[in-house]
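J.: Chains as they are written, first to last, in numbering that gives the first Met the number 0: chain P, 0 to 176; chain C, 0 to 176. Pasting a structure below so you can have a look.
Number of protein chains: 2
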Amino acid sequence: MISEHELEQARLYAAERLAEAGIVLAADERDAIEVADFGLSRLEESGLQLLVYVNTDRYCAKELVLRPGQTCPEHRHPPFDGTPGKEETFRCRSGVVYLYVEGEATSNPICEPPPGTYTVHHEIELRPGMQHTIAPGTLHWFQAGPDGAVVSEFSTASRDELDEFTDERVARETIVG
Amino acid sequence: MISEHELEQARLYAAERLAEAGIVLAADERDAIEVADFGLSRLEESGLQLLVYVNTDRYCAKELVLRPGQTCPEHRHPPFDGTPGKEETFRCRSGVVYLYVEGEATSNPICEPPPGTYTVHHEIELRPGMQHTIAPGTLHWFQAGPDGAVVSEFSTASRDELDEFTDERVARETIVG
Chain P
0 MISEHELEQA RLYAAERLAE AGIVLAADER DAIEVADFGL SRLEESGLQL LVYVNTDRYC
60 AKELVLRPGQ TCPEHRHPPF DGTPGKEETF RCRSGVVYLY VEGEATSNPI CEPPPGTYTV
120 HHEIELRPGM QHTIAPGTLH WFQAGPDGAV VSEFSTASRD ELDEFTDERV ARETIVG
Chain C
0 MISEHELEQA RLYAAERLAE AGIVLAADER DAIEVADFGL SRLEESGLQL LVYVNTDRYC
60 AKELVLRPGQ TCPEHRHPPF DGTPGKEETF RCRSGVVYLY VEGEATSNPI CEPPPGTYTV
120 HHEIELRPGM QHTIAPGTLH WFQAGPDGAV VSEFSTASRD ELDEFTDERV ARETIVG
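Next comes the structure, spelled out in structure tokens:
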């Protein structure tokens with residue numbers, strides 16, 4: 000659960016980081032910033048702030064904002080409605096984000112995941128101007144560096160409620176709008 | 000035709016405007032900025048600078064950069080490969096862009112199109128933080144305000160070579176990469 004106070008603080012943080020990254024929001028968008036704690040009630044450790052620009056049946060674009068060291072738990076986007084599932088590109092705008100995907104485990108990775116079940120450990124460091132595309136169905140998780148991060152996400156249609164998290168404690172429908 | 004000098008100047012302009020908008024490019028992206036004169040050889044009047052971040056079979060994301068008063072000529076994105084055609088969202092990042100789409104003609108529109116065939120005159124003003132989604136097959140054109148503009152484009156797969164321009168003098172394959 001996210002308290003009203005946590006929600007407001009998370010929105011404030013996200014709005015400030017977006018503004019610092021030069022990203023201008025319309026007047027009504029600040030209060031449309033969503034905050035997810037993934038049902039873990041440890042928002043600063045496992046959580047995500049996001050602003051959805053557009054999400055049609057065919058494509059989606061969002062900004063993701065992470066606090067310093069904040070982690071989005073391991074998950075994958077399964078097939079749905081006859082499609083292969085969500086395909087997504089992360090492009091770092093500010094700060095640093097460490098993305099972990101399927102593949103050979105990186106020795107001496109930068110990040111340690113928070114308590115929970117994490118099974119993929121191939122590290123991709125994304126600094127501003129760097130991007131990576133995640134194929135449908137690929138397990139992935141990500142954590143911001145010590146200054147937090149702003150990440151643009153471009154993708155096929157987003158259906159967050161379908162996400163499959165590796166850790167069964169993680170709830171799927173925890174976006175507070 | 001775009002001369003080498005025009006190409007270099009246009010890329011320089013686009014890179015500077017992107018930087019001013021807080022958009023960081025990777026080292027190899029500056030030289031990947033594409034410049035289109037739409038076969039009209041009047042680049043400052045009718046033209047577009049663009050950087051494609053990603054263009055998969057399913058979605059696409061680009062930055063568009065326009066010089067002051069520069070126009071992207073009227074066109075539409077037709078159906079292809081069993082899809083309804085490209086659906087796209089324009090989000091203004093800096094400057095102002097005036098988008099003209101099908102619908103009731105705006106009285107006293109801000110922009111005058113350059114010489115050529117322009118048939119849709121419903122004006123949508125996009126300032127930073129404002130966006131508009133164009134349905135597949137809809138005729139549209141756009142022109143930057145007096146300070147130029149940076150516009151993010153989120154869309155389904157982009158197949159520029161299929162674009163149908165209203166003015167038959169406009170060439171479809173004129174992107175210089």
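Just so you know, even glycine gets a beta-carbon here, dropped at the ideal spot from N, CA and C. None of the values given here were measured: they were computed from a predicted structure.
Does the distance from the C-beta atom of Val169(C) to that of Phe37(C) stay below 9 Å?
T.: Yes, these two residues count as a Cβ contact at 9 Å.
J.: Excluding sequence positions up to five away, which residues of its chain have a Cβ less than 8 Å from the Cβ of Ala134(P)?
T.: Around Ala134(P): Glu86.
J.: Please state whether DSSP places Asp162(P) in a helix, a strand or coil.
T.: Here Asp162(P) sits in coil by DSSP.
J.: When you compare only the Cα positions, how much space is there between Thr155(P) and Leu11(C)?
T.: About 32 Å.
J.: Tell me whether Gln69(C) sits in a helix, a strand or coil according to DSSP, three-state version.
T.: Note: Gln69(C) maps to coil in three-state DSSP.
J.: Against Gly94(C), what residues of chain P qualify as contacts under a CB-to-CB distance less than 7 Å, listed in chain order?
T.: What Gly94(C) touches in chain P: nothing, since even the nearest Cβ is about 11 Å away.
J.: Secondary structure at Asp27(P), three-state DSSP: helix, strand or coil?
T.: Of the three classes helix, strand and coil, the one that applies to Asp27(P) here is coil, per DSSP.
J.: Spell out whether any CB of chain P is found under 9 Å from the CB atom of Ala13(C).
T.: No, Ala13(C) lies away from the interface with chain P (no Cβ there is under 9 Å from its Cβ).
J.: Could you work out which residues of chain P lie near Arg90(C), taking near to mean beta carbons separated by less than 9 Å?
T.: What Arg90(C) touches in chain P: Tyr52, Val53, Ala60.
J.: For chain P, find out if any of its Cβ atoms is closer than 9 Å to the Cβ of Gly136(C); answer yes or no.
T.: It does not: the Cβ of Gly136(C) has no partner Cβ on chain P nearer than 9 Å.
J.: Please report the straight-line C-alpha distance between Cys71(P) and Ala148(P), rounded to a whole angstrom.
T.: Going by the C-alpha atoms only, they are around 12 Å apart.
J.: So Leu24(C) contacts chain P; which residues on that side make the cut at Cβ distance below 8 Å?
T.: The answer, in chain order, is Gly128.
J.: Near Glu43(C), which residues of its chain fall below 7 Å by C-beta distance, leaving aside the five closest residues on each side in sequence?
T.: Within the same chain, Glu43(C) has close Cβ partners Arg66, Gln69.
J.: Starting from Arg10(C), trace the beta strand (DSSP E) both ways and give me its first and last residue.
T.: Here Arg10(C) belongs to no beta strand (DSSP E); instead the alpha helix (DSSP H) covers 3–19.
J.: For Glu28(C), would you say it is in contact with chain P, using Cβ-to-Cβ distances shorter than 9 Å as the test?
T.: Interface residue, yes.
J.: On the DSSP letters alone, give me the boundaries of the beta strand (DSSP E) that Pro78(P) sits inside.
T.: Premise fails: Pro78(P) is in no beta strand (DSSP E) and is neither H nor E.
J.: Can you tell me the Cα-Cα spacing of Glu33(P) and Ser45(P), whole angstroms?
T.: Rounded to the nearest angstrom, the two C-alpha atoms are 14 Å apart.
J.: Could you name the residues of chain P that Ala20(C) contacts, counting a contact when the two beta carbons are closer than 7 Å?
T.: In chain order: Gly21.
J.: Out of Glu3(C), Leu6(C), His4(C), Arg29(C), which one is the CA nearest neighbour of Glu15(C)?
T.: Nearest option by C-alpha distance: Arg29(C).
J.: Between Ser2(C) and chain P, is the shortest Cβ-Cβ distance under 9 Å, so that the two count as touching?
T.: Cβ-Cβ to chain P under 9 Å: no for Ser2(C).
J.: Check distances from the C-beta atoms of the region 144–169 of chain C to those of chain P and list, in chain order, the residues that come in under 8 Å.
T.: So the list reads Ser151, Phe153, Ser154, Thr155, given in the order they occur along the chain.
J.: What does Arg57(P) touch in chain C if you count any residue whose Cβ is under 7 Å from its own?
T.: Per Cβ cutoff of 7 Å: Glu86, Thr155.
J.: Can you find at least 3 beta carbon pairs, one from the region 100–118 of chain C and one from the region 53–66 of chain C, that sit closer than 8 Å?
T.: No, the region 100–118 of chain C is not in contact with the region 53–66 of chain C.
J.: Residues of chain C with CB closer than 9 Å to the CB of Thr132(P), please, in chain order.
T.: Val53, Thr55, listed in chain order.
J.: Provide the residue span of the beta strand (DSSP E) that contains Asn54(P), from first to last.
T.: It spans 47–54 - the beta strand (DSSP E) in which Asn54(P) sits, taken as one unbroken run.
J.: Mind checking Glu73(C): buried by the 16 CB within 10 Å criterion, or exposed?
T.: Label assigned to Glu73(C): buried.
J.: Would you tell me roughly how many angstroms separate the C-alpha atoms of Gly176(C) and Thr137(C), rounded to the nearest one?
T.: Low confidence applies here, because Gly176(C) scores a pLDDT of 43, under 50, leaving its location unreliable; read the following figure in that light. The straight-line gap from Cα to Cα measures roughly 27 Å.
J.: So is the beta-carbon of Pro135(P) under 8 Å away from any non-hydrogen atom of the ligand ATP?
T.: Looking at this structure, you won't find the ligand ATP or any other ligand, since it has none at all.
J.: Measure the CB-CB distance between Ala25(C) and Gly128(P) and report whether it falls below 9 Å.
T.: Going by C-beta atoms, Ala25(C) is nearer than 9 Å to Gly128(P).
J.: Return the chain-ordered list of same chain residues with a C-beta closer than 7 Å to the C-beta of Thr173(C), the five sequence neighbours on each side being excluded.
T.: Confidence at Thr173(C) is low in this model, with a pLDDT of 49, below 50, so its placement is unreliable and the value that follows should be read with caution. If we look at Thr173(C) and ignore the five residues flanking it on each side, its Cβ neighbours are Ala35, Asp36, Phe37, Gly38.
J.: Under the rule that 16 or more other beta-carbon atoms within 10 Å means buried, what is Thr118(P), buried or exposed?
T.: By the 10 Å Cβ count, Thr118(P) comes out exposed.
J.: Could you tell me which residues DSSP puts in a beta bridge with Ala143(C)?
T.: Bridge partners of Ala143(C): Val96(C).
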